[in-house]
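All remarks here apply to the structure that follows.
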Amino acid sequence: MDLKDKMILSIIQEDSTHSVKEISEKIGLTFTPTYERIKQLEKQGIIEKYVGLLNREKLGLNIVVYCNVRLKEQSQKVLETFEKNIGKHDEVQEIISLSGEYDYMLKIIAKDINSYNEFAVNIISNIPNIGQYHSSIVLHEVKKSTKFKIDLG
Numbered sequence: 010m011d012l013k014d015k016m017i018l019s020i021i022q023e024d025s026t027h028s029v030k031e032i033s034e035k036i037g038l039t040f041t042p043t044y045e046r047i048k049q050l051e052k053q054g055i056i057e058k059y060v061g062l063l064n065r066e067k068l069g070l071n072i073v074v075y076c077n078v079r080l081k082e083q084s085q086k087v088l089e090t091f092e093k094n095i096g097k098h099d100e101v102q103e104i105i106s107l108s109g110e111y112d113y114m115l116k117i118i119a120k121d122i123n124s125y126n127e128f129a130v131n132i133i134s135n136i137p138n139i140g141q142y143h144s145s146i147v148l149h150e151v152k153k154s155t156k157f158k159i160d161l162g
């Protein structure tokens, strides 16, 4: 990956609605090589997909919770079962396997505290092999980004 590819990635991360023409002008290449580079980055899996970032609060989703989960046992089957069960729920945005005190950290989005409580009581606590879970409610998001730092040299 050269500097032009990195510039493309940087531009797309900032705003994926830029046309190939706009990107080509910003990086100093013509349309065709820019298009081919983007297609190659997609083919290599460096660009996984293009998405729209939504304002959760304007959608009435006012609570962000990080829920740490400890399982009673950590066999491969138990871990896979937990991941499959919790991963089905749209409220769960991220499932992160951890080392240390907890086995997983979940990022959960809910309408309000009552909705989260219902989710915790009816879903999380009913998944087999849940040993303990601990919820941390986000008071204020200081920085929220989806961008990776790309060294442009």
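Going by this note's numbering, the sequence shown opens with residue 10, and the numbers climb by one from there.
All C-beta atoms, glycine included, are put in the ideal place defined by N, C-alpha and C.
With respect to Met114, Ile105 sits close: the two C-beta atoms are nearer than 8 Å.
DSSP, reduced to helix, strand and coil, places Gln83 outside both helices and strands of the structure shown, so it counts as coil. For Val151, there is no enclosing beta strand (DSSP E), as DSSP marks it with neither H nor E. In this structure, DSSP gives Glu57 a state outside helix and strand, which the three-state scheme calls coil. Between the alpha carbons of Cys76 and Leu62 lies a distance of about 23 Å.
Here His98 has Phe128, Ile132 as same chain residues with Cβ atoms under 8 Å from its own Cβ, once five neighbours each way along the sequence are excluded. For Val147, there is no enclosing alpha helix (DSSP H), as DSSP marks it with neither H nor E. Restricting attention to Glu23, Val73, Gln49, Phe40, the CA atom closest to the CA of Tyr125 is found in Val73. Of the residues Asn94, Tyr59, His149, Lys67, the one whose Cα lies closest to the Cα of His27 is Tyr59.
In terms of Cα proximity to Asn64, the closest of Ile139, Lys120, Ser134, Met16 is Lys120. Counting along the chain, the unbroken alpha helix (DSSP H) around Tyr44 starts and ends at 40-52. Put simply, the backbone Cα of Ile47 is about 28 Å away from that of Lys152.
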